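Asker: 1 is the number of the first residue of the sequence shown in the numbering used here; add one for each residue after it.
Quick reminder that beta carbons are idealized off the backbone N, C-alpha and C, glycines included.
Note that the coordinates shown come from a computational prediction; the quantities given were computed from them, not determined experimentally.
Just passing along the structure, written as structure tokens.
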Amino acid sequence: MMKKYIGTKLVQATPAIRKGGKIYLPTDAIPKTMEPVEEGYKVVYEDGYESWSPKDVFEKAYHVADTPLDRMYIEYNELMDKHNKLVLFLGRKDAIEIAGENQVALMEVQKVQMHDYILTLKERIDLMKK
């Protein structure tokens, strides 16, 4: 059985199209052929490796992180998602049966701390936008 993995990569990317297996940037001359055009991104990894990623796949996996404000928005959205999932789990009638009383008690503490963290991030974001 295969294990699940979660990875994080810092990449540079630019919108591009792929036609006939070749990647074209928006400034490139694109040959007029009958081959289909695929929208996506040219991706450059930290080690210099270059690849192509279809638009929907790339945009699901990556978010612009050029500025501290961009990175705070990413952190805020990820935290909100995790907080909402925790709240939903704790609202289940069988939460204690699934996780145990001690774990649920700790999750309740975690929920409060996550909420406080969300408020702090929101305040920082608002201050940076000024």
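Pull up the distance between the alpha-carbon of glycine 48 and that of isoleucine 6, whole angstroms please.
Answerer: Rounded to the nearest angstrom, the two C-alpha atoms are 22 Å apart.
Asker: Evaluate the contact criterion for the region 104-115 versus the region 79-94: three or more CB pairs, one atom per stretch, below 8 Å.
Answerer: As far as the Cβ criterion goes, the region 104-115 touches the region 79-94, which means the pair count is three or higher.
Asker: For lysine 42, count the other beta carbons within 10 Å of its own beta carbon; 16 or more makes it buried, fewer makes it exposed. Which is it?
Answerer: Lysine 42 should be labelled buried.
Asker: Buried or exposed, going by whether 16 or more other CB atoms sit within 10 Å of the CB of alanine 29?
Answerer: Flag for alanine 29 reads exposed.
Asker: Tell me which residue opens and which closes the alpha helix (DSSP H) that alanine 105 is part of.
Answerer: It spans 101-129 - the alpha helix (DSSP H) in which alanine 105 sits, taken as one unbroken run.
Asker: Helix, strand or coil for glutamate 35, going by three-state DSSP, please let me know.
Answerer: The answer is coil: DSSP assigns glutamate 35 none of H, G, I, E or B.
Asker: For a quick check, are the C-beta atoms of isoleucine 23 and tyrosine 73 less than 8 Å apart?
Answerer: The answer is no: Cβ separation not under 8 Å.
Asker: Quick check: what's the CA-CA separation for lysine 93 versus glutamine 103?
Answerer: C-alpha separation (whole angstroms): 15 Å.
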